[in-house]
Every structure is written in structure tokens, then in C-alpha cells.
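Structure first, commentary second.
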Amino acid sequence: MKRKSLLYPAMGVVLASILPGCGDKETEVPTNDSTILHAWSWSFDTIAANMKIIAEAGFDYVQTSPANTCFVGEDGGMALFSQDGDSVKGKWYYYYQPIDWKIGNHLLGTREQFKAMCDSAAKYGIKIIVDVLPNHTAVDHSAVTAALDSAAGGHDKLFHANGFNNIQLWNDRYECTTGMMGGLPDVNTENPGFQHYYMEYVNDLIACGARGFRYDTAKHIGLPDDPRDSLSERNNFWDIATGRESVQGLTLALPADSLFIYGEVLQDKNVREEAYSEYMEVTASNYGHALRHALSEGNYYADSLGQWQNPAPAQKLVTWVESHDTYANEHESADLEDAQIREGYVFLAARQYGTPLFFSRPMGSTRENYWGNNRIGARGNDEFFNPEVIAVNHFRHAMHGQPEQIYVSDNGAVITVERGNKGMAIINISAEPQTISIPTAFKDGQYTEDVHHATFNVNDGHIEGQISPLSSCIIYPNSRK
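In terms of the working numbering, the sequence shown opens at residue 764 and continues consecutively.
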């Protein structure tokens, strides 16, 4: 017997596809099982010191901030963000301004500290993703090292011919992939000398223990059939970066399919998400925006969450409620409470597809003080090991091979993500307690979940009970009394 998806005709939203019911023979289906902790602005030593907690919280990957040599701004101050008159200076984004592609920078740590962090990760079964950014250099490009200039064949050859012209038409592929973004000169990523130099850096990261890469501003690096800069013979950077081609006898040190590689492909018109996804996973930025809107309204129906809003396959998406850009750059997500972010993450992590990323906000941060303790290198707040986050991370692993079925309460406040007949996440995204009666394929009985010790009853194909404001409950059939 097949159980049909729940359709709300008035909303026109199909919440899930047709799935096997509890009485059907089990069939394993493709799923994404991993989770990522974005240890934003944590030093390598800080990440290493917290690796046991990270592992116990159920994360599979830790994403670091950029590890390369970067511009030293404001006398090397260690503030996340400073203003005139502050006693401690600094800006978090200096580590996004490369002056060389070697491991180690003054903000996060040395090569030795990076390797020690990777060794600690391996001890606990965690894999390290490094934020890499070959697209541009520091705003002050005169700070670029002589070794990098020499590798490219001279300072003028390090950059695209168009690389000092500001992007005016963001949806024009030539401008987008060769022009200057935010004052950051655009590197000629097709220059073989630069490619070789950059791949030496990537391979050194791998040698130290890195097992993944997040490509910053990936949509600003051309695909093979994008328009070429006049200094570029071929748009082959992604073939080099993913090991499909070698450059000057050098290739990616490990097969790309043994690494987790994803690109920051922020969505807009003419972004070509599907084409990028042929090389790597891509970011589901539109879905994150829609989810934040739903969370701010406390209503699933406030935006279009029934579809992934991305032409790339769902299996190739990296999902988030917020990223470091939406929090620290645009402050788009910073007004959401920690509990709202947490429930959004539970929803994403409970789902069948997409690889969810949990962004670690600064320790001590509030809605009035986004920067919290305001120190680069420090650990983020306690949210990454909140009991609900731990519960859903372990739930995600336990649901390997199980398809999803999503149901929503009539008022949009409560979402259930049911995974085959193995488990269910119940998520209240509203600021009010909710009494629910939502369809389910679970067998009749009473179920108790472990975090809040809430009980739910299943009768005649509906799960019923009460759930506290901005909270989640995870139940399994074997928890039935």
C-alpha cells in the first residue's frame, strides 16, 4: 500500500513525494547523512581543544575559516569587528584577503597548529573542511608576496585583464567571473602558474589532514563554456581544482570523490547552479532565505519550503539556516533568536537530502550585540551542542536510507519530518505552545522522546500531543510504550 503525500490545495504546496508506508517492505533510498559545524573564526587550537565535544554532538565535518596567509589589517588586532575608539582593533574579514597561498595566518594559527587540529579530528573520526578562496587577493594587492607574483609570471599576470574593473552587471557571466568584487582584485584563475601554486597549497592542506574544501565566491570563477578573459586560454580552473586535469605535472592529491568539496554559489539570475553542481556540491542560499522568513513568521507557509528552490540536484546541496555572510556581513539573519536558528537546523538535519551546516555564532552574542565577546580565535557559543542539535545529528545518522515525508499543522506552526518507519522529528517553529494532530505512518501507541520527555499518542494515522514553543522532539518506533 502506498501512502500519498499531503497536499494543501489552497497553498498549492506538495510537501513530500509518495513514500512507502509502515507495512511495506523496507527499501533503502539515497540519503545525505553528514552534518557540518562551521567553526567560524575559531582558531585551529580552539577547534582542536573542542574536538571531543564536536564529535559527541554528532557532527561529521568541521569547517574552518580560511587557513591561508592573509592581509594584516589594523595592526593585526584580534577583534571580530571594531569601530573608531575601540581599544581592540580588527575585522573578521581580513582572513578573506589572501596575500599568499601557504598554510598559516596571524589570526587563526600556524601550519603546525593546523596539522595538530587535523590530527585531533582524525582521532575523533571528524573530517576537516577548509574555506579556500582562489578568486581574489587582498584589496591592497601590493601586499601580495613576491613568491606568488613570480609563480604567476609577474604581478600583472596574476590578475584578469578585467580584474580591476568593478562588476556592474552581476548577472553578466563575463563581468561576474572576471571582474572585481567589493574592491578585491580578481585573480586570473586560468593562469597555469597560479593554478600550480594554488594546487600546491591545496595538496599541502590534504597532506596535513584536510578532507574537504568550501570554495568561497565559487560563482565568480568561470565554468569551461563561460566567456574568457583576454589573458585566459581556457576556463579550466574547476577541472584542475577537482582533479580532472593536472597542471604542470601536478594534480589533486586525493580523488575528488573522497573529499567533500562544495562551492559558495549564491543564487541570482544566470548563476548556473546545475553546471557548478557537476563539479561539486553547491549552496542552497535561496532555500536558506525562505527558511529564515518562515522562522521569523513562525509559519511554514510564510515562504515556499516545499521545493528546494535550486536547479541543482537535492543530493548536491549544502543547506543552512544562516551563514557567516548572513550573520556577520549583511546581518540578515542576526536578529533571529538562537532558538529559531536551532529549530530551523533541526528541520534541515532531519531531512533526507541536503548536507546541513550549523553556523557557530560568537560566544556571548545577543540580538543587541552580534559580536559577543568580539575575539577572533575564541570558541562560539554553546548552541552547537544544545541537546536538540545533538539529538537531530544522531537522528540523521540513524535515518540512513530512509525516505522523508513532511507534514505540517494547519496553522503552519509545527512541522513533522518522518523518515520511512524509523523515526520522526517534530518541530515547533512558533513562539507559542502547540497542540497537534498531524498525519503519520507510525503504528498506534504512545511515544516518548528523550530530550524533553514529551509524550505523543498515535491513533488512526494521526500523531497527537503538545509541544513547547520553539522546540523539537525526536521519536523512534522503539520508544513506543
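Beta carbons are placed, not taken as given, at the ideal position from N, Cα and C, and that holds for glycine.
| Item | Value |
| --- | --- |
| How is the beta strand (DSSP E) around residue 854 delimited, first residue to last? | No beta strand (DSSP E) holds residue 854; DSSP gives it neither H nor E. |
| From residue 1098 to residue 1130, what does the alpha carbon distance come to, in whole angstroms? | 6 Å |
| So, using beta-carbon positions, are residue 798 and residue 1164 closer together than 8 Å? | no |
| Counting C-beta neighbours from all protein chains within 10 Å, is the total for residue 1103 16 or more, i.e. buried, or is it exposed? | buried |
| With distances taken between CB atoms, is the gap from residue 982 to residue 1039 smaller than 8 Å? | yes |
| If we count the other Cβ atoms within 10 Å of its Cβ and call it buried at 16 or more, is residue 1030 buried or exposed? | buried |
| Does the beta-carbon of residue 927 have 16 or more other beta-carbons within 10 angstroms, so that it is buried, or is it exposed? | exposed |
| Residues in the same chain with beta-carbon distance under 7 Å from residue 858, minus the five sequence neighbours each way, listed in chain order, please. | 828, 829, 833, 868, 870 and 871 |
| How would you write the range of the beta strand (DSSP E) that residue 976 sits in, first residue to last? | 973-978 |
| Please state whether DSSP places residue 1111 in a helix, a strand or coil. | helix |
| Reducing DSSP to helix, strand and coil, say where residue 1192 ends up. | coil |
| Applying the 10 Å Cβ sphere with the 16-neighbour rule, what's the burial state of residue 1235? | buried |
| Would residue 1231 and residue 1199 qualify as a contact pair, given that the criterion is a beta-carbon distance under 8 Å? | no |
| Of all the options 1144, 853, 905 and 892, which has the alpha carbon lying nearest to the alpha carbon of residue 1023? | 892 |
| Do residue 861 and residue 901 have their C-beta atoms closer together than 8 Å? | yes |
| May I have the straight-line CA-CA distance separating residue 1237 from residue 800, to the nearest angstrom? | 20 Å |
| Helix, strand or coil: how does DSSP classify residue 1155 here? | helix |
| What residue range is occupied by the uninterrupted beta strand (DSSP E) comprising residue 917? | Premise fails: residue 917 is in no beta strand (DSSP E) and is neither H nor E. |
| May I ask which residues mark the beginning and end of the beta strand (DSSP E) holding residue 863? | 861-866 |
| Just the Cα atoms here: how many angstroms apart are residue 1108 and residue 1084? | 6 Å |
| Measure from the C-beta of residue 913 to each C-beta in chain B and report whether the shortest distance is under 8 Å. | You won't find chain B in this structure, because it holds only one protein chain. |
| Just list the residues that DSSP pairs residue 831 with in beta bridges. | 866 |
| Using the three-state DSSP reduction, which class does residue 799 fall into: helix, strand or coil? | strand |
| Taking a contact to mean a Cβ-Cβ separation below 8 Å, would you say residue 1147 touches residue 1123 in this structure? | yes |
| Determine whether the beta carbon atoms of residue 1205 and residue 1150 lie at a separation below 8 Å. | no |
| Apart from the five residues just before and just after residue 1126, which ones in its own chain have a Cβ nearer than 7 Å to its Cβ? | 1135, 1136, 1141, 1142, 1143 and 1144 |
| Measuring straight from C-alpha to C-alpha, what distance separates residue 1166 and residue 792? | 6 Å |
| Helix, strand or coil, according to DSSP, for residue 969 in the structure here? | helix |
| To which residues of the same chain is residue 727 closer than 6 Å at the C-beta, ignoring the five residues directly before and after it? | Here the chain covers residues 764 to 1244 and nothing more, so residue 727 does not appear. |
| Counting Cβ pairs closer than 8 Å, one from the stretch 913-927 and one from the stretch 950-968, do we hit at least three? | yes |
| Going straight from the alpha carbon of residue 894 to that of residue 979, what length do you get? | 7 Å |
| Can you say whether residue 1191 is buried or exposed, counting buried as having 16 or more other CB atoms within 10 angstroms of its CB? | buried |
| Run through the DSSP bridge pairs and tell me what residue 805 is partnered with. | 1140 |
| Among 1189, 1138 and 1028, which one has its Cα closest to the Cα of residue 849? | 1138 |
| What does residue 1022 pair with, by DSSP beta-bridge criteria? | Its beta-bridge partners do not exist; DSSP assigns none. |
| Out of 941, 956 and 817, point me to the one whose CA is closest to residue 918's CA. | 956 |
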